[in-house]
Amino acid sequence: MAADTNNENAFRSMQQEAVRRVNEMYRRSREMVGQPQRQERPPSPPPAPPPSVPADRQPKAPDQPISSLSGLLSAFNIDEEKALIGMLIYVLAKNGADVKLLLGLGYLLL
4 MAADTNNENA FRSMQQEAVR RVNEMYRRSR EMVGQPQRQE RPPSPPPAPP
54 PSVPADRQPK APDQPISSLS GLLSAFNIDE EKALIGMLIY VLAKNGADVK
104 LLLGLGYLLL
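Counting from 4, one number per residue, gives the positions in the sequence shown under our numbering.
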């Protein structure tokens, strides 16, 4: 029973510490917002224009622009759920996920 009491006390102290830190961050942010800026920065020079690309190398615009992801998905006859699972498989594969997980998600695409 003493261990349970110890765990509860440790948990309460961690909670109180977290609340104290949140209040401290909130107070600091209010102080920072309330104070005027101490130094004014000199105006930055305007950004340089992008380098021009020769006319023969410029990308060609599609005949009918696709304005949203749903338009792109409907153009390829892919429903949103399958697209989401496909993107999930891609991200997980890039991050070295377990092959069984990837195969399971692939099964959902069938």
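Yeah, the Cβ is synthetic: ideal placement off N, Cα and C, and Gly gets one too.
Gly89 in three-state terms, based on DSSP: In the structure shown, Gly89 adopts helical secondary structure according to DSSP, grouped into three states.
Do you know offhand how far Arg31's Cα is from Gly37's? The straight-line gap from Cα to Cα measures roughly 10 Å.
Reduced DSSP secondary structure (H/G/I, E/B, other) of Leu80: Reading off the sequence shown, one finds Asn at residue 80, where the question assumed Leu. Asn80 sits in coil when the DSSP states are folded into three classes, being neither helix nor strand.
Evaluate Leu112 with the Cβ neighbour count: other Cβ atoms within 10 Å of its Cβ, from every protein chain shown; 16 or more gives buried, anything less gives exposed. Exposed is the call here.
CB-CB under 7 Å to Ala100, same chain, minus the five flanking residues each way: which ones, in chain order? Contacts found: none.
On the premise that Leu108 lies in contact with Leu91, defined as a C-beta separation below 8 Å, what is that separation, rounded to the nearest angstrom? Rounded, the Cβ-Cβ distance is 6 Å, consistent with contact.
Please state the DSSP three-state secondary structure of Ala100. Three-state DSSP puts Ala100 in coil, outside helix and strand.
Suppose you measure from the CA of Tyr110 to the CA of Ser77; what does that come to, to the nearest Å? Whole-angstrom Cα-Cα distance: 22 Å.
Cβ shell of Arg24 (< 7 Å), same chain only, five flanking positions each side left out: Within the same chain, no Cβ atom closer than 7 Å to the Cβ of Arg24 is found once the five residues on either side in sequence are excluded.
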